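Visitor: According to this note's numbering, the residues represented by the sequence shown are 86 to 894, in order.
We put the beta carbon where it would ideally sit given N, CA and C, even for glycine.
Bear in mind the structure is a predicted one, so any value in this text is a computation, not a measurement.
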Amino acid sequence: MSNTFISTRSYSFLWLLLSLPLASAAQQSRTGSLYGKAINIDHQPLEGITVRTYPGDRTVLSASDGTFRLDRLALGDYTATCSLVGYHTATIKFRISGTGTKEIAVILEKDTKELSEVQVTGVLAAAVTRQGYNVTAIDSKKLHNTTYDLNQALNQVSGVRVRESGGLGSSFNFSLNGFTGNQVKFFLDGVPMDNFGSSLQTNNIPVNLAERIEVYKGVVPVWLGADALGGAINIVTNPNKKDYLDVSYSYGSFNTYRSAVNAGFTGKSGFTVQLNAFQNYSDNDYWVNADVADLVTGVYTTRRVRRFHDRYHNETLILNTGVTGKLYADKLLFGITLGQNDADIQTGNRMFDVYGARKRKGNTIMPTFKYLKNDLFLKGLSLNVSANYNFGTEQSIDTAFRQYNWLGEFRNKSTDPAAVGGELNRTLYKFRNNTSQASSLLSYRISDKHSVVLNDTWSGFDRKGKDELDLNNELNKLPRKSYKNIIGAGYRFDANDRFNLSVFLKNYRQTTVAYINNVPTDAPYGTPPVYAEDRRLISRSGYGTALAWIIRTGLQIKASYEKAYRLPDNNEIFGNPTADLLSNFTLKPERSDNFNFGIDQRLPRFGRNTVSIASNFIYRNSKDFIRPSLTSSRGVAMAQMLNQQDVTTYGVDGTIRYACGELFTVTGNMTWQNIRNQTRYIPGTDQLSDTYNDRVPNMPYLFGNLAAQYHIKGIGGANSGLNLGYNLTYVHQYYLNWPSQGEAGSKPIIPGQVQHDLSALMTLKDGKYNLGLECRNLFNADIFDNFSLQKPGRAWYIKLRYFISRKHE
Numbered sequence: 086m087s088n089t090f091i092s093t094r095s096y097s098f099l100w101l102l103l104s105l106p107l108a109s110a111a112q113q114s115r116t117g118s119l120y121g122k123a124i125n126i127d128h129q130p131l132e133g134i135t136v137r138t139y140p141g142d143r144t145v146l147s148a149s150d151g152t153f154r155l156d157r158l159a160l161g162d163y164t165a166t167c168s169l170v171g172y173h174t175a176t177i178k179f180r181i182s183g184t185g186t187k188e189i190a191v192i193l194e195k196d197t198k199e200l201s202e203v204q205v206t207g208v209l210a211a212a213v214t215r216q217g218y219n220v221t222a223i224d225s226k227k228l229h230n231t232t233y234d235l236n237q238a239l240n241q242v243s244g245v246r247v248r249e250s251g252g253l254g255s256s257f258n259f260s261l262n263g264f265t266g267n268q269v270k271f272f273l274d275g276v277p278m279d280n281f282g283s284s285l286q287t288n289n290i291p292v293n294l295a296e297r298i299e300v301y302k303g304v305v306p307v308w309l310g311a312d313a314l315g316g317a318i319n320i321v322t323n324p325n326k327k328d329y330l331d332v333s334y335s336y337g338s339f340n341t342y343r344s345a346v347n348a349g350f351t352g353k354s355g356f357t358v359q360l361n362a363f364q365n366y367s368d369n370d371y372w373v374n375a376d377v378a379d380l381v382t383g384v385y386t387t388r389r390v391r392r393f394h395d396r397y398h399n400e401t402l403i404l405n406t407g408v409t410g411k412l413y414a415d416k417l418l419f420g421i422t423l424g425q426n427d428a429d430i431q432t433g434n435r436m437f438d439v440y441g442a443r444k445r446k447g448n449t450i451m452p453t454f455k456y457l458k459n460d461l462f463l464k465g466l467s468l469n470v471s472a473n474y475n476f477g478t479e480q481s482i483d484t485a486f487r488q489y490n491w492l493g494e495f496r497n498k499s500t501d502p503a504a505v506g507g508e509l510n511r512t513l514y515k516f517r518n519n520t521s522q523a524s525s526l527l528s529y530r531i532s533d534k535h536s537v538v539l540n541d542t543w544s545g546f547d548r549k550g551k552d553e554l555d556l557n558n559e560l561n562k563l564p565r566k567s568y569k570n571i572i573g574a575g576y577r578f579d580a581n582d583r584f585n586l587s588v589f590l591k592n593y594r595q596t597t598v599a600y601i602n603n604v605p606t607d608a609p610y611g612t613p614p615v616y617a618e619d620r621r622l623i624s625r626s627g628y629g630t631a632l633a634w635i636i637r638t639g640l641q642i643k644a645s646y647e648k649a650y651r652l653p654d655n656n657e658i659f660g661n662p663t664a665d666l667l668s669n670f671t672l673k674p675e676r677s678d679n680f681n682f683g684i685d686q687r688l689p690r691f692g693r694n695t696v697s698i699a700s701n702f703i704y705r706n707s708k709d710f711i712r713p714s715l716t717s718s719r720g721v722a723m724a725q726m727l728n729q730q731d732v733t734t735y736g737v738d739g740t741i742r743y744a745c746g747e748l749f750t751v752t753g754n755m756t757w758q759n760i761r762n763q764t765r766y767i768p769g770t771d772q773l774s775d776t777y778n779d780r781v782p783n784m785p786y787l788f789g790n791l792a793a794q795y796h797i798k799g800i801g802g803a804n805s806g807l808n809l810g811y812n813l814t815y816v817h818q819y820y821l822n823w824p825s826q827g828e829a830g831s832k833p834i835i836p837g838q839v840q841h842d843l844s845a846l847m848t849l850k851d852g853k854y855n856l857g858l859e860c861r862n863l864f865n866a867d868i869f870d871n872f873s874l875q876k877p878g879r880a881w882y883i884k885l886r887y888f889i890s891r892k893h894e
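Right, here's the structure in full:
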């Protein structure tokens, strides 16, 4: 390992190791605590109340049960302002006279004028969208009674397309305003999910795990600490909830059942336990249209058949325990994430390739550490540290020397009983990526107007593998390593409640070690490989800015820019045998100039009716754009990541929402994006490229959603209700390959999609008991996200959910 490796990694770990003793050394004078509960005039709890105390300018938001708490308040007299969008602000005076807890009650009355001026989707979500970044916040609590996973929730956001290759647990590609795959980064409570393994991904995490989901489009805030090229998804689980239990079970078509348990407990001493556990299972035996081969004659006929080898199941447990609310730590948690998944592989990258015995499996064994300290040494100075290491493994299994057709029939590929092989590539290759991550976030609120933040995120990758069927494979014995370090610094200026400005700098460093075969491609067949070390160091710097300005009540504009870089992902460099992805050691970092401009308009209220409109305009100028390309390996379609030199993207997405009080809402969004190849010449030549100025293929460019909800109160008794929902998804057709290539009328396309979904969600006893019924793809349409890979048809689901939360006194 080079000195570069050591210094980069040591810097992040040094910060991590020094943080705890420094924090615990902070001394506090005698202090007391404030505890309160916020309700409306009907005695219903109010979530998201902003409680600000003076002097000291301490701020806290009320939880879902209306409670809030502030610890370590110095002795003396205080004034608290309690505000919430749509309500009159309340002012309360109180005194902290001892080391105990002062209790207050807050009752807010609705302000009809304020309600006409601001319409939000969840109060906490609204606080996120007031940033200058182009961000959409999903209040996922409204989806907790559905059978959605996180992908299905995200698919309803403007600018987002989640393209899945099949049913439950299938591989997927995430697209956000023209950026796809690893160009968009995922976080769980601000922690990067890059190394979580296949057992903990957005295609299997139930929506109940999240309180809200933040979708950052284009410019990514520095506190997230990642090399995202054009966006980020932050899943917020709201670990600040106290004692609660959320249990759910669902069953549906294709023998699909899912269950989840989310629970938390915090004792008076601060001892805390948090548990999230879930499991998913499906046979995925839905009907598809496929070309069925006669294994004797080789003749193909088109038939409607069931998928017969597509079973998927996974189980995951996330456990955290430690203390909260202590002088030395607001949060100190040690945890473990355990998970496993087992998936049959039915097809390759197209339906023409059909398998009957291939499988992939993996597990996650990941200890974790989280530490948070607010008011460290100084009021407004906060330190947030997290770290994890994944010991999990992944395995690709292909041992049956057979050829299958879509009827599940097979023939042996050889009549020689001693012959060995597989359906694609005979293997039992099992590998451990040994991924690690450590991040430190230091933030300081200098005053009401000025704040700064410093973030350092380090990650490591060291793949080691072995194939029991190919023990002499020299390449499997050689290391594949990658180390990243991303440092960011930012400053925010809050002029007032109407204007804020952020600026930031980022530095990206990556070192990779791989071994490549130096034997010339024209060497005689059978020449043994000769591997040589290929070591690369990348260092880049980026910067950006974001502003938000409320011009007048109900009208806000946002603008942001970032010069962004995205370092090649480990699987893109080294390949992924479980996903039919080939390696490419020559990949260069992507870079992009990202511009965003947004307008949020909330029209004046008329009666019970409110209308809000949001529009966002984007421009991306990307270099060395990394995109997947299909290539042939042993006659089978495989994917490989390639650099597309110059790509520009411009487009617009918009959302309009209408609400009639709490009775009826309808929300529609539409996205159009124009993604063009701007590589004028074929690389290495002066020959004009045939695909210059072509729309980049295999990317949807026009799509949208329409969702309507009708709520009936009182059905099932007091504090109960029925919510009837309808959702429409539309995707316009798009080309699989470059539009300028091929003959007109014969170019392969991904056809247009229209899908209709219905739901009926019953809530009883103020959310304690819940029942959900859903129908997906009501008209049984043929749905394709990827070329020829058909998704499930009509499906029915039922979900039972029990939720209880104990209020702290």
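#1: Could you tell me the alpha carbon to alpha carbon distance between A503 and L556, rounded to whole angstroms?
#2: Indicate the three-state DSSP secondary structure (helix, strand or coil) for I430 in the structure shown.
#3: So, at 6 Å on beta carbons, what are the nonlocal neighbours of R886 in its own chain, with the 5 sequence-adjacent residues on each side left out?
#4: Whose CA, out of D328, A378, I767 and A574, lies closest to the CA of I437?
#5: Do you know offhand how far E400's Cα is from Y646's?
#6: Closer than 6 Å by C-beta to Y342: which residues in its own chain qualify, once you throw out the five before and the five after it? Chain order, please.
#7: What are the start and end residues of the alpha helix (DSSP H) that includes A238?
#8: Under the rule that 16 or more other beta-carbon atoms within 10 Å means buried, what is A617, buried or exposed?
#9: My parser needs the beta strand (DSSP E) runs of 3 or more residues fully inside the stretch 271–347; what are they?
#10: Output the distance between the C-alpha atoms of L652 and D312, rounded to the nearest integer angstrom.
#11: Could you tell me whether the stretch 854–871 touches the stretch 301–316, using the rule of 3 or more Cβ pairs below 8 Å?
#12: Comparing alpha-carbon positions, which option in G639, G493, P564 and D654 lies nearest S544?
#13: Check whether the Cβ atoms of S521 and N540 sit closer than 8 Å, and answer yes or no.
#14: With distances taken between CB atoms, is the gap from A428 to Y456 smaller than 8 Å?
#15: Does N558 come out as helix, strand or coil in the three-state DSSP assignment?
#16: In the DSSP assignment, what residue or residues form a beta bridge with Y440?
#17: DSSP state of D376, grouped into three classes?
#18: Mind reading off the beta-carbon distance from Y514 to S481? Whole number of angstroms is fine, and I expect it under 8 Å.
#19: Please classify G799: does DSSP put it in a helix, a strand, or coil?
#20: Leaving out five residues on either side along the sequence, give the residues of the same chain with a beta carbon under 6 Å from the beta carbon of S109.
#21: Which residue wins for smallest C-alpha separation from A866, given the options T814, F670 and F419?
#22: Looking at the unbroken beta strand (DSSP E) that takes in E249, where does it start and where does it end?
#23: Taking only runs that begin and end inside the stretch 568–602, name each unbroken beta strand (DSSP E) of 3 or more residues, in chain order.
#24: Going by C-alpha distance, which of T116, C167, S831 and T135 is nearest G183?
#25: Once the 5 residues before and after P877 are set aside, which same chain residues still bring their CB inside 6 Å of it?
#26: Would you identify the three-state DSSP class for N656, choosing helix, strand or coil?
#27: Using DSSP with H/G/I as helix, E/B as strand and the rest coil, what is P106?
#28: With DSSP run on the structure shown, which of helix, strand or coil describes Q268?
#29: Pick out the complete alpha helix (DSSP H) segments inside the stretch 460–486, 4 residues or longer, and give them in chain order.
#30: Using beta-carbon positions only, say whether N871 and S243 come within less than 8 Å of one another.
#31: Are T406 and V358 close, meaning C-beta to C-beta below 8 Å?
#32: In three-state terms, what does DSSP make of K876?
#33: Taking just the CA atoms, how far does I800 sit from I760?
#34: Locate the beta strand (DSSP E) running through Q686, then write down its first and last residues.
#35: Any idea what DSSP makes of Y226, helix, strand or coil?
#36: Looking at S844: is its Cβ nearer than 8 Å to the Cβ of D779?
Guide: Let me lay it out:
#1: Within the sequence shown, numbered from 1, the residue matching residue 503 stands at position 418. Within the sequence shown, numbered from 1, the residue matching residue 556 stands at position 471. Their backbone Cα atoms lie some 19 Å apart in a straight line.
#2: Here the question's residue 430 lines up with position 345 in the sequence shown. I430: coil per DSSP, three-state reduction.
#3: For this step, residue 886 is matched to residue 801 along the sequence shown. Contacts found: N230, S333 and N855.
#4: Residue mapping note: residue 437 aligns to position 352 of the sequence shown, counting from 1. First, the residue type needs correcting, since residue 437 is Phe and not Ile in the sequence shown. The option with the nearest alpha carbon to F437 is A378.
#5: Position 315 of the sequence shown, counted from the first residue, corresponds to residue 400. Position 561 of the sequence shown, counted from the first residue, corresponds to residue 646. Each residue's Cα considered, the two are about 40 Å apart.
#6: Working through the sequence shown from its first residue, we reach residue 342 at position 257. Within the same chain, Y342 has close Cβ partners Y336 and Y366.
#7: Reading the sequence shown from its first residue, position 153 is the one you call residue 238. Residues L235 to L239.
#8: The count along the sequence shown starts at 1 and reaches residue 617 at position 532. Burial call: exposed.
#9: 297–302, 316–321 and 328–337
#10: Taking the first residue of the sequence shown as 1, we reach residue 652 at position 567. Taking the first residue of the sequence shown as 1, we reach residue 312 at position 227. If you take the alpha carbons of L652 and D312, they lie about 7 Å apart.
#11: no
#12: Taking the sequence shown and counting its residues from 1, one reaches residue 544 at position 459. Among G639, G493, P564 and D654, the Cα nearest to that of S544 is on D654.
#13: Position 436 of the sequence shown, counting from 1, holds the residue named residue 521. Position 455 of the sequence shown, counting from 1, holds the residue named residue 540. Not in contact: S521 and N540 (Cβ atoms no closer than 8 Å).
#14: For the purposes of this step, residue 428 is identified with residue 343 of the sequence shown, where counting begins at 1. For the purposes of this step, residue 456 is identified with residue 371 of the sequence shown, where counting begins at 1. Result no, Cβ atoms of A428 and Y456 do not sit closer than 8 Å.
#15: Position 473 of the sequence shown holds residue 558. Coil at N558, not helix or strand.
#16: Within the sequence shown, numbered from 1, the residue matching residue 440 stands at position 355. In the DSSP output, where bridge partners are listed per residue, Y440 has none listed.
#17: In the sequence shown, counting from the first residue as 1, residue 376 sits at position 291. Residue state, collapsed to three classes: strand.
#18: If you number the sequence shown from 1, residue 514 lands on position 429. If you number the sequence shown from 1, residue 481 lands on position 396. With a Cβ gap of about 5 Å, Y514 and S481 count as contacting.
#19: Position 714 of the sequence shown holds residue 799. It is coil, neither helix nor strand.
#20: Taking the first residue of the sequence shown as 1, we reach residue 109 at position 24. Low local confidence applies: a pLDDT of 39 at S109 is under 50, so the model's placement there is unreliable, and no value is given.
#21: Locating residue 866 in the sequence shown gives position 781, where the first residue counts as 1. For A866, the nearest C-alpha among the options comes from T814.
#22: Counted from its first residue, the sequence shown places residue 249 at position 164. Where E249 is concerned, the enclosing beta strand (DSSP E) stretches over V245 to E249.
#23: 584–602
#24: Start at 1 with the first residue of the sequence shown, and residue 183 comes out as number 98. The residue with the shortest Cα to Cα distance from G183 is T116.
#25: Sequence index remark: in the sequence shown, residue 877 carries index 792 (1-based). Around P877: G252 and Y371.
#26: For the purposes of this step, residue 656 is identified with residue 571 of the sequence shown, where counting begins at 1. DSSP places N656 in helix when its eight states are reduced to three.
#27: For the purposes of this step, residue 106 is identified with residue 21 of the sequence shown, where counting begins at 1. Only weak support is given to the placement of P106: the predicted model assigns it a pLDDT of 40, under 50, and the value that follows is read from those uncertain coordinates. Helix at P106.
#28: As a first step, residue 268 must be located in the sequence shown, where it is residue number 183. DSSP places Q268 in helix when its eight states are reduced to three.
#29: none
#30: Counting from 1 along the sequence shown, the entry for residue 871 is found at position 786. Counting from 1 along the sequence shown, the entry for residue 243 is found at position 158. No, these two residues do not count as a Cβ contact at 8 Å.
#31: Position 321 of the sequence shown holds residue 406. Position 273 of the sequence shown holds residue 358. For T406 and V358, yes; Cβs fall inside 8 Å.
#32: Counting from one through the sequence shown, the residue named residue 876 turns up at place 791. If DSSP states are grouped into helix, strand and coil, K876 belongs with coil.
#33: As a first step, residue 760 is located in the sequence shown; it is residue number 675 there, counting from the start. As a first step, residue 800 is located in the sequence shown; it is residue number 715 there, counting from the start. Spanning the two alpha carbons is a distance of roughly 49 Å.
#34: Here the question's residue 686 lines up with position 601 in the sequence shown. From DSSP, the beta strand (DSSP E) with Q686 extends over E675 to R687.
#35: Indexing the sequence shown from 1 puts residue 226 at position 141. Position check: residue 226 holds Lys in this sequence, whereas Tyr was assumed. Of the three classes helix, strand and coil, the one that applies to K226 here is helix, per DSSP.
#36: Here the question's residue 844 lines up with position 759 in the sequence shown. Here the question's residue 779 lines up with position 694 in the sequence shown. Cβ atoms of S844 and D779: not closer than 8 Å.
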